[in-house]
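Enquirer:
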Amino acid sequence: MQPHTLHSHDVVIIGGGLTGLRAALEASRAGLDVAVISKVHPLRSHSVAAQGGVNAALGNAPGGEDDTWEKHALDTVKGSDFLADQDAVEIMCREAPAAVVELEQMGTVFSRLPDGRIAQRPFGGAGFPRTCYCADRTGHNLLHTLFEQGVGRRLKVYDEFFVTSLVVADKRCSGCIALDLRDGTLHGLAAKAVLLATGGYGRIYARSTNALINTGDGAALAWRAGLPLQDMEFVQFHPTTLYGSNILISEAARGEGGYLFNSRRERFMKRYAEQAMELAPRDIVARAIQTEIDEGRGFKNEFVMLDVTHLGAETINDRLPGICRIARDFAGADLIREPIPVQPGQHYSMGGIPAETDGSTLVRGLFAAGECACVSVHGANRLGGNSLLETIVFGKRAGRVMAESAQAMPPPATEPVEATLMHELARIDRLLSRARTERVNNIFDDLRLTMFEMFGVFRDESRMKEGLGILLHLKSRVENVGIGTRQSTYNQALVAVLELEGMLDVAEAVARSALNRQESRGSHARTDFPARDDANWLIHSMAWKRGDRVEIVGKPVAVGMFPVEAREY
143 MQPHTLHSHD VVIIGGGLTG LRAALEASRA GLDVAVISKV HPLRSHSVAA
193 QGGVNAALGN APGGEDDTWE KHALDTVKGS DFLADQDAVE IMCREAPAAV
243 VELEQMGTVF SRLPDGRIAQ RPFGGAGFPR TCYCADRTGH NLLHTLFEQG
293 VGRRLKVYDE FFVTSLVVAD KRCSGCIALD LRDGTLHGLA AKAVLLATGG
343 YGRIYARSTN ALINTGDGAA LAWRAGLPLQ DMEFVQFHPT TLYGSNILIS
393 EAARGEGGYL FNSRRERFMK RYAEQAMELA PRDIVARAIQ TEIDEGRGFK
443 NEFVMLDVTH LGAETINDRL PGICRIARDF AGADLIREPI PVQPGQHYSM
493 GGIPAETDGS TLVRGLFAAG ECACVSVHGA NRLGGNSLLE TIVFGKRAGR
543 VMAESAQAMP PPATEPVEAT LMHELARIDR LLSRARTERV NNIFDDLRLT
593 MFEMFGVFRD ESRMKEGLGI LLHLKSRVEN VGIGTRQSTY NQALVAVLEL
643 EGMLDVAEAV ARSALNRQES RGSHARTDFP ARDDANWLIH SMAWKRGDRV
693 EIVGKPVAVG MFPVEAREY
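The numbering used here runs 142 ahead of the 1-based position in the sequence shown.
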């Protein structure tokens, strides 16, 4: 394997989804040389799969006229089980209306009210109908809009490039190394500023709504570069994934009025959230469904039913066309005429790379935003509709600050990039030369099953300790995985091993953080510590890699205008 000629840009953005593209547009508008690196074409980024909508206190919908950003912020903090940093939440909710209107002006095709205003629907944990939507293909529409804007600005895109390492020297990030999947060459990219916008790590779990590309690459890159990972124990399980495939069935189905019922034909949510019912926050609904299944009230002890038939064909076809097709294609079910089977599945990563509201991290020149980051606007549980909002608000803010810092800097140094490139060439050559005594798929399957069974909807110390032991054994096994081929063109076996190494690091951070937190809060539900414990655990978890061990330390939560109180729905 031979290195390619080095590249140099003012700003390099790793990730071609909503966060990355929004940051790239903002930095590009400042006149900088901006490059986007994505391991798939940007339009195949996982942002395209977001269905339900994006939150903003516009006050458009009937019943939502009195909505304000402060009420949006309160719902967000309460939904987070009071672990969100309230200063960051304030920024996100304040800037939400302008961010949505800006996307509308860029050309996003939103669903509309009869008077032409952006339509809004109810979502779980929200006191008002504030979720702006594009039928049930909101992420698809937003991503296409931003990509079109990027084409107009002639953004440089390295698509089908896999980043193997950050370049960090003297506590400063000055670029990255990326593998061109087309021909197997390694490229060094020098930059004044680098943004990690790589999305989540859902594929470490057996049941996940996430795309196959969501392997936690950004978190793994930061971990190896010496950064901590924050709040990794908080993993969101979406209540309604399609039984058998775990494809997402949008919260929009319940927002439009869909019901959940068990094998006794009971609308069981009245036992768990008497007022909010199906529109309780996701962690509460997911635990309710799992409890019904565990206690024998599910169908086949595997799932419950979601019913929207009472909404009528016109509403379903107009507002839920995407999941209507998903149900037909993947379950052979007609959503208009019959209920569909659903079960909880891993959906979102609340934890990630600790970052400020401008995207800056503990390493100079390195920024992080979107799902791979932890600005902590979601705390212990994310409300539906806030993930797309996070991407556009904090993507824009990171892009602006990166541009400001880069404008004042000299051209990026190439020497650290060249040194890291040589190191990565040697590392990959060793992988390609290694004897194949273990198969990557076997370890991958064991990892995903262990995470779902031991660190799933419900957790306890004994099973988590068992799970951590399995993870550490898997890390030793991965050292014996060989590639089996030295082909240069689309060597997916090589990519799989590189992804798996990072996934195991991320999984260990999740496991150790979950074992450390001895309480139940938001998505972290421990049967051996069932109560929330604000006296001891109103803190963020910071997982640091210290040589061969992982240390978990606490970090204060930024409490602001909303006092910590009981969380009831």
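From the three backbone atoms N, C-alpha and C, an ideal C-beta is built for every residue, glycine too.
On a predicted model such as this, the values are computed, not experimentally measured, just so you know.
#1: In chain order, what residues of the same chain lie with their CB nearer than 6 Å to the CB of residue 168, ignoring the 5 residues before and after it?
#2: Is it right to say residue 628 is buried, meaning 16 or more other beta carbons lie within 10 angstroms of its own, or is it exposed?
#3: Identify every residue that forms a DSSP beta bridge with residue 551.
#4: My output table needs one value for residue 316: the three-state DSSP class, helix, strand or coil.
#5: Kindly identify the DSSP beta-bridge partner or partners of residue 607.
#6: For residue 234, report the span of its alpha helix (DSSP H) as first-last.
#7: What span of residues does the alpha helix (DSSP H) with residue 594 cover, start to end?
#8: Can you pull the DSSP bridge partners for residue 449?
#9: Quick test of the definition: if touching needs 3 or more C-beta pairs under 8 Å, does the region 334–349 touch the region 643–652?
#10: Taking the straight line between their C-alpha atoms, what separation do you get for residue 268 and residue 170?
#11: What does the alpha-carbon distance come out to for the pair residue 298 and residue 393?
#12: Report the three-state DSSP secondary structure of residue 391 (helix, strand or coil).
#13: According to DSSP, is residue 270 helix, strand or coil?
#14: Less than 9 Å between the C-beta atoms of residue 238 and residue 228, yes or no?
#15: Could you give the distance in angstroms between the alpha-carbon of residue 441 and the alpha-carbon of residue 469?
#16: How is the alpha helix (DSSP H) around residue 682 delimited, first residue to last?
#17: Can you tell which of 591, 598, 275, 614 has its C-alpha closest to the C-alpha of residue 381?
#18: Where does residue 368 land, buried or exposed, given buried means 16+ other C-beta within 10 angstroms?
#19: Going by the CB atoms, is the gap between residue 582 and residue 535 shorter than 9 Å?
#20: For residue 683 versus residue 494, is the C-beta distance shorter than 9 Å?
#21: Mind listing, in chain order, the continuous beta strand (DSSP E) runs of no fewer than 3 residues lying wholly within the region 336–393?
#22: Are the region 326–333 and the region 544–563 touching by the rule of at least three beta carbon pairs closer than 8 Å?
#23: By a C-beta neighbour count over all protein chains shown, 10 Å radius and 16 as the cutoff for buried, is residue 668 buried or exposed?
#24: Please report how far the alpha carbon of residue 614 lies from the alpha carbon of residue 657, in whole angstroms.
#25: Using 8 Å for Cβ pairs, my map puts residue 530 next to residue 311. What's the rounded Cβ distance?
#26: Assign residue 632 to buried or exposed, taking buried as 16 or more other Cβ atoms, counted over all protein chains shown, within 10 Å of its Cβ.
#27: Output the boundary residues of the alpha helix (DSSP H) element that contains residue 463.
#28: Sort 218, 438, 651 by Cα distance to residue 233 and report the nearest one.
#29: Using only CA atoms, which one of 528, 324, 546 lies nearest to residue 630?
#30: Whole angstroms are fine: how far does the CA of residue 497 sit from the CA of residue 504?
#31: Take residue 337 as the anchor and find which of 305, 326, 322 has the nearest alpha-carbon.
#32: How is the alpha helix (DSSP H) around residue 718 delimited, first residue to last?
#33: Here's the rule: buried if 16 or more other CB atoms are within 10 angstroms of the residue's CB, otherwise exposed. What is residue 533?
Expert: Walking through what the data contain:
#1: Taking the first residue of the sequence shown as 1, we reach residue 168 at position 26. When the five nearest sequence neighbours on each side are left out, the beta carbons in the same chain lying within less than 6 Å of the beta carbon of residue 168 are those of 538, 541, 542, in order along the chain.
#2: One-based indexing of the sequence shown puts residue 628 at position 486. Residue 628 is exposed by the Cβ-count criterion.
#3: The count along the sequence shown starts at 1 and reaches residue 551 at position 409. In the DSSP output, where bridge partners are listed per residue, residue 551 has none listed.
#4: Residue 316 sits at position 174 when you count from the first residue of the sequence shown. Here residue 316 sits in strand by DSSP.
#5: Working through the sequence shown from its first residue, we reach residue 607 at position 465. Note: residue 607 sits in no beta bridge, so no partner.
#6: Here residue 234 refers to the residue found at position 92 of the sequence shown. Start and end: 228–248.
#7: Walking along the sequence shown from the start, residue 594 turns up at place 452. Residue 594 -> alpha helix (DSSP H) spans 582–596.
#8: Within the sequence shown, residue 449 is the residue found at index 307, counting from 1. DSSP output for residue 449 lists 401 as bridge partner(s).
#9: Cβ pair count under 8 Å is three or more, so yes.
#10: Position 126 of the sequence shown holds residue 268. Position 28 of the sequence shown holds residue 170. Their Cα atoms are separated by approximately 35 Å.
#11: Along the sequence shown, read from residue 1 onward, the residue named residue 298 stands at position 156. Along the sequence shown, read from residue 1 onward, the residue named residue 393 stands at position 251. Residue 298 and residue 393: Cα-Cα distance of roughly 35 Å.
#12: Numbered from its first residue, the sequence shown carries residue 391 at position 249. Coil, per DSSP.
#13: Counted from its first residue, the sequence shown places residue 270 at position 128. In this structure, residue 270 counts as coil in the three-state DSSP scheme.
#14: Taking the sequence shown and counting its residues from 1, the one referred to as residue 238 is at position 96. Taking the sequence shown and counting its residues from 1, the one referred to as residue 228 is at position 86. Result no, Cβ atoms of residue 238 and residue 228 do not sit closer than 9 Å.
#15: As a working note, residue 441 is residue 299 in the sequence shown. As a working note, residue 469 is residue 327 in the sequence shown. For residue 441 and residue 469, the distance between alpha carbons rounds to 17 Å.
#16: Here residue 682 refers to the residue found at position 540 of the sequence shown. Judged by DSSP secondary structure, residue 682 falls outside any alpha helix (DSSP H) and instead within the beta strand (DSSP E) spanning 681–688.
#17: On the sequence shown, position 239 is the one that residue 381 refers to. Checking every option, the nearest Cα to that of residue 381 belongs to 598.
#18: Position 226 of the sequence shown, counting from 1, holds the residue named residue 368. That one is exposed.
#19: Here residue 535 refers to the residue found at position 393 of the sequence shown. Here residue 582 refers to the residue found at position 440 of the sequence shown. Between residue 535 and residue 582, the gap from beta carbon to beta carbon reaches 9 Å or more.
#20: Locating residue 683 in the sequence shown gives position 541, where the first residue counts as 1. Locating residue 494 in the sequence shown gives position 352, where the first residue counts as 1. In this structure, residue 494 does not lie closer than 9 Å to residue 683 by Cβ.
#21: The qualifying runs are 377–384.
#22: Taking 8 Å as the limit for Cβ pairs, the verdict is that the region 544–563 does touch the region 326–333.
#23: By one-based count along the sequence shown, residue 668 stands at place 526. Looking at its Cβ environment, which holds 16 or more other Cβ atoms inside 10 Å, residue 668 is buried.
#24: Along the sequence shown, one-based indexing puts residue 614 at 472. Along the sequence shown, one-based indexing puts residue 657 at 515. In a straight line, the C-alpha of residue 614 is about 14 Å away from that of residue 657.
#25: Residue numbering aside, residue 530 sits at position 388 when the sequence shown is read from its first letter. Residue numbering aside, residue 311 sits at position 169 when the sequence shown is read from its first letter. Taking the Cβ atoms as the reference, residue 530 lies roughly 36 Å from residue 311, outside the contact range of under 8 Å.
#26: Against the sequence shown, residue 632 aligns to sequence position 490. Its Cβ having fewer than 16 others within 10 Å, residue 632 is exposed.
#27: In the sequence shown, the residue the question calls residue 463 occupies position 321. Per DSSP, the continuous alpha helix (DSSP H) segment holding residue 463 begins and ends at 463–473.
#28: The residue given as residue 233 occupies position 91 in the sequence shown. Comparing Cα-Cα distances from residue 233 to each of 218, 438, 651, the minimum goes to 218.
#29: Reading the sequence shown from its first residue, position 488 is the one you call residue 630. Among 528, 324, 546, the Cα nearest to that of residue 630 is on 324.
#30: The residue labelled residue 504 in the question sits at position 362 within the sequence shown. The residue labelled residue 497 in the question sits at position 355 within the sequence shown. Looking at the two C-alpha atoms, the distance is approximately 8 Å.
#31: The sequence position of residue 337 within the sequence shown is 195, counting from 1. Among 305, 326, 322, the Cα nearest to that of residue 337 belongs to 305.
#32: Residue 718 lies beyond the residue range present for the chain, which begins at 143 and ends at 711; the question has no answer from this structure.
#33: Looking up residue 533 in the sequence shown gives position 391. So residue 533 counts as buried.
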